[in-house]
Amino acid sequence: MTTSPPITQGDLLAWTIARWAAGLPRMTTFAASAAATAGLRLAQERLGGKPALWGHGGAYDPRGEVALYQRAQLFNRKPHARIGLPGALETMSHGNRLLATPAQVDGAANANLSAIGNWATPKVAMGGARGLPDAAEIHFVLPMHSVRQLVKRVDFISTAAANRRAPPCLFTELGVMQWWPQRGAWRLKERHAGVTLAHIQERTGFTVLAEGEVPEIPPVPQELIAVLNQVDPRRMRDLDFVTGTAQRQQAMTDIETAEAEACRS
Amino acid sequence: MKVVALSSIAPLMRSGMRVGIGGFGLDRKPLALVDVLIQSGARDLDLQVYAGGLDVERLLHAGAIKRIAFTHVGLDQFGLAPAFRKARESGRIEAEEWSEWSMLVAWRAAAERVPFATVAIDPATELFRVNPSLQRTRCPFTGDDIAVVKAPKIDLALLHAEAVHPDGWVINSGDEYADILLARSATITVVSAERLIDDAELERRWRDVQIIDTLVDHVVHVPNGATPGSCVPNYGVNSQAITAYVAGGKP
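Printed below as a string of structure tokens:
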């Protein structure tokens, strides 16, 4: 008798994002997290979603496998076009959606990818704001829900998501929150099985509202796990949940080795 | 014929000059050219990078940077860039942080030889507070509040490519990134390349030409000129070397 491997947090986050993306109109989507990219690919493959992705190598809407940064273009299969970086950024004004993973998101839907502490001499200098202020619509993926990242007030406003054309969503391994413009607060929209609002509130630095009974996210259908394994065969989606420098390094090395083998074969 | 020896570009480099460096993150960074820049003794550089990586790290280690304009500096899957962190956190360098689109628009304005350009950007971003090249003004046509970016004057662009014709036609099968804009903006553009190609290959691959000959001043043949970063599709990153750097080695 064979047993199915356990469902991972990476599977759950990818599935949550796939369900959301399946309902989107056709639109360019940039994703920072590998689980988010895997979810978008799943939505494209099986859920009828039309989110076009931009991949490295200038490939627009590639339908390949999720891969590490520089190798990604080698796994871009059948892209619909090649538009390059300026072309991709230009879609910002034509309805681009960004799925970002900032260092902090706060209770006013501001996001920070610039600096922890004072910007001029920060306690931790992050890489920089990247495209956060540019996207016409922005949503957040913070795989590991914590008070460290979900803060009352960000240290620097790289971007203010509440002023966008659509209320931002915030995906974590515990559930999905959405900005509630009328109340100026985040509202728990969906939660994973067994997760309570109290549990989420405990791990969040700002107040999370709820309206009535918050629905549970249904379990991932087994056949869709098989599709996830096709679009993300080296399980990049699990990288979002690896903690510890040594463990992360090992996980990265394993993926790099597997990618190098895939390139050779 | 613009091909020169790697060492012969050193006299182009002067302290205080504004240098734009191409590539993106760990990919197609002109690291051999950056090494010449360091060896030339030029210091107090005013750097312009779209997505910086080992280029910025090496220049910071050499103490060559006075000011840096960037949208992001990092080592992709290897995490934050240690020297950049240290320099920013100590306040040792002047920093000018940009969003991606605003920097592309500023470089495009520089390429078009206009002093500024308008840009669509979140009006609430605090980048307006910390970046003096990003301002708000009134649109002369509609009266609306709009964002504008100042075009930088770039003295020298350093780029790396998959292949170059000796006359300066630059070929990449990968992403153009913002390299074209740098070549169009800079007073002098130097391109290092994995391979030099002949007329026959240029004729065959004319669709892959990303930068035309008139924008390139000097061509340098440097195989592996982007290592230990990548030059996709020629080679990937040297993970061991970058891991060793992050653990406390040299960039």
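Chains as they are written, first to last, in our numbering: chain A, 1 to 265; chain B, 266 to 516. Positions of the beta carbon are idealized from the N, C-alpha and C atoms, including for glycine.
Inset, instruction - Could you spell out where the alpha helix (DSSP H) holding residue 112(A) opens and where it closes? - result: As a first step, residue 112(A) is located in the first sequence; it is residue number 112 there, counting from the start. Run containing residue 112(A): none in the alpha helix (DSSP H); it sits in the beta strand (DSSP E), 110-112.
Inset, instruction - Please look up how many angstroms separate the CB atoms of residue 426(B) and residue 436(B), rounded, as I've assumed it's under 8 Å. - result: Taking the first residue of the second sequence as position 1, residue 426(B) is located at position 161. Taking the first residue of the second sequence as position 1, residue 436(B) is located at position 171. Contact holds; Cβ gap of about 7 Å.
Inset, instruction - Would you list the residues sitting across from residue 214(A) in a DSSP beta bridge? - result: Looking up residue 214(A) in the first sequence gives position 214. In DSSP, residue 214(A) forms no bridge with anything.
Legend entry - Start and end residues, beta strand (DSSP E) containing residue 105(A): Taking the first sequence and counting its residues from 1, the one referred to as residue 105(A) is at position 105. Residues 104-106.
Inset, instruction - Report buried or exposed for residue 175(A), applying the criterion of at least 16 other Cβ atoms within 10 angstroms of its Cβ. - result: Looking up residue 175(A) in the first sequence gives position 175. Buried: at least 16 other Cβ atoms inside 10 Å.
Legend entry - Nearest neighbour of residue 262(A), chosen from 132(A), 221(A), 66(A), 100(A) [CA to CA]: Position 262 of the first sequence holds residue 262(A). Residue 262(A) has its Cα closest to that of 66(A), out of 132(A), 221(A), 66(A), 100(A).
Legend entry - Ordered list of alpha helix (DSSP H) runs contained in the stretch 158-209 of chain A, each at least 4 residues: 197-202
Legend entry - At least three beta-carbon pairs within less than 8 Å, the stretch 33-49 of chain A to the stretch 226-239 of chain A: yes
Inset, instruction - Compare the Cα-Cα distances from residue 428(B) to each of 420(B), 438(B), 421(B), 419(B) and report the closest residue. - result: Within the second sequence, residue 428(B) is the residue found at index 163, counting from 1. Out of 420(B), 438(B), 421(B), 419(B), 438(B) has the C-alpha closest to the C-alpha of residue 428(B).
Inset, instruction - Can you check the stretch 428-492 of chain B for any beta strand (DSSP E) of at least 3 residues that lies completely inside it and give the ranges in chain order? - result: 453-461, 474-476, 483-486
Inset, instruction - Quick one: which residues of the stretch 354-365 of chain B get their C-beta closer than 9 Å to a C-beta of chain A? List them in chain order. - result: 354, 355, 356, 360, 362, 363, 364, 365
Legend entry - Distance CB(residue 29(A))-CB(residue 68(A)) smaller than 8 Å: Translated into positions along the first sequence, residue 29(A) becomes position 29. Translated into positions along the first sequence, residue 68(A) becomes position 68. Contact: no.
Inset, instruction - Using a Cβ cut-off of 7 Å, pull out every chain B residue sitting near residue 156(A), in sequence order please. - result: If you number the first sequence from 1, residue 156(A) lands on position 156. Per Cβ cutoff of 7 Å: 391.
Inset, instruction - Find the nearest neighbour of residue 391(B) within the set 412(B), 408(B), 482(B), judged by alpha-carbon distance. - result: The residue given as residue 391(B) occupies position 126 in the second sequence. Answer by Cα proximity: 412(B).
Inset, instruction - Can you give me the Cβ contacts of residue 14(A) inside the same chain, cut-off strictly under 7 Å, excluding the 5 residues immediately before and after it? - result: Residue 14(A) sits at position 14 when you count from the first residue of the first sequence. Cβ within range, chain order: 35, 38, 39, 42, 228, 237.
Inset, instruction - Tell me, please, whether the stretch 484-503 of chain B touches the stretch 282-291 of chain B by the rule of three or more beta-carbon pairs shorter than 8 Å. - result: yes
Legend entry - Cβ-Cβ distance between residue 110(A) and residue 136(A) below 8 Å: Against the first sequence, residue 110(A) aligns to sequence position 110. Against the first sequence, residue 136(A) aligns to sequence position 136. No, the pair does not count as a contact, with Cβ atoms beyond the cut-off.
Inset, instruction - Give the secondary structure of residue 142(A) by DSSP, where H, G and I count as helix, E and B as strand, and everything else as coil. - result: To locate residue 142(A), count along the first sequence from 1; it is residue 142. Coil at residue 142(A), not helix or strand.
Inset, instruction - Determine, using beta carbons only, whether residue 346(B) and residue 384(B) come nearer to each other than 8 Å. - result: Your numbering for residue 346(B) matches position 81 in the second sequence. Your numbering for residue 384(B) matches position 119 in the second sequence. No; because the gap between Cβ atoms is not below 8 Å, this pair is not in contact.
Inset, instruction - Would you check if there are 3 or more beta carbon pairs closer than 8 Å linking the stretch 125-132 of chain A to the stretch 150-159 of chain A? - result: yes
Inset, instruction - Using the Cα positions of residue 130(A) and residue 317(B), report the straight-line distance between them to the nearest angstrom. - result: The sequence position of residue 130(A) within the first sequence is 130, counting from 1. The sequence position of residue 317(B) within the second sequence is 52, counting from 1. So the alpha carbons of these two residues sit roughly 11 Å apart.
Legend entry - Three-state secondary structure assigned by DSSP to residue 266(A): Lying before the first or after the last residue shown, residue 266(A) is absent from chain A, which here runs from 1 to 265.
Legend entry - Whole-angstrom distance between residue 511(B) and residue 343(B), CA atom to CA atom: Position 78 of the second sequence, counted from the first residue, corresponds to residue 343(B). Position 246 of the second sequence, counted from the first residue, corresponds to residue 511(B). Cα-Cα distance, rounded: 8 Å.
Inset, instruction - Please report the residue range of the alpha helix (DSSP H) in which residue 349(B) lies. - result: Residue mapping note: residue 349(B) aligns to position 84 of the second sequence, counting from 1. Taken as a continuous stretch (DSSP letters only), the alpha helix (DSSP H) holding residue 349(B) covers 347-355.
Legend entry - Contacts that residue 134(A) makes with chain B (C-beta to C-beta distance below 8 Å): Position 134 of the first sequence holds residue 134(A). The contacting residues are 364, 365, 366, 367, 385, 386, 387.
Legend entry - Within chain B, the residues that residue 168(A) reaches when beta carbons sit closer than 9 Å: Working through the first sequence from its first residue, we reach residue 168(A) at position 168. Ordered by position in chain B, no residue passes the 9 Å Cβ test against residue 168(A), which lies about 12 Å from the chain.
Inset, instruction - Name the one or two DSSP bridge partners that residue 116(A) has. - result: Within the first sequence, the letter at position 116 stands for residue 116(A). Beta-bridge pairing links residue 116(A) to 124(A).
Inset, instruction - Mind checking who residue 362(B) pairs with in its DSSP beta bridge? - result: Start at 1 with the first residue of the second sequence, and residue 362(B) comes out as number 97. 335(B), per the DSSP bridge assignment.
Legend entry - Through-space distance from residue 516(B) to residue 326(B), alpha-carbon basis: Mapped onto the second sequence, residue 326(B) falls at position 61. Mapped onto the second sequence, residue 516(B) falls at position 251. Each residue's Cα considered, the two are about 8 Å apart.
Legend entry - N- and C-terminal bounds of the alpha helix (DSSP H) containing residue 288(A): There is no way to answer for residue 288(A), as the model of chain A reaches only from 1 to 265.
Inset, instruction - Using a cut-off of 7 Å between C-beta atoms, extract the partners of residue 33(A) located in chain E. - result: The chain labelled as chain E is not found among the protein chains of the depicted structure, namely A and B.
Legend entry - Stretch-stretch touch, CB-based, cutoff 8 Å, three pairs: the stretch 407-424 of chain B with the stretch 440-456 of chain B: yes
Legend entry - Distance between residue 409(B) and residue 299(B) (C-alpha atoms, nearest Å): Counting from 1 along the second sequence, the entry for residue 299(B) is found at position 34. Counting from 1 along the second sequence, the entry for residue 409(B) is found at position 144. One C-alpha to the other measures close to 43 Å.
Inset, instruction - Rounded to whole angstroms, what's the CA-CA distance from residue 153(A) to residue 475(B)? Just pull it up for me. - result: Along the first sequence, one-based indexing puts residue 153(A) at 153. Along the second sequence, one-based indexing puts residue 475(B) at 210. Rounded to the nearest angstrom, the two C-alpha atoms are 44 Å apart.
Inset, instruction - Please name the residue, chosen from 193(A), 147(A), 178(A), that lies closest to residue 201(A) on a Cα-to-Cα basis. - result: Taking the first sequence and counting its residues from 1, one reaches residue 201(A) at position 201. When only C-alpha atoms are compared, the closest one is 147(A).
Inset, instruction - For the alpha helix (DSSP H) holding residue 19(A), just list the boundary residues, first then last. - result: Here residue 19(A) refers to the residue found at position 19 of the first sequence. From DSSP, the alpha helix (DSSP H) with residue 19(A) extends over 9-21.
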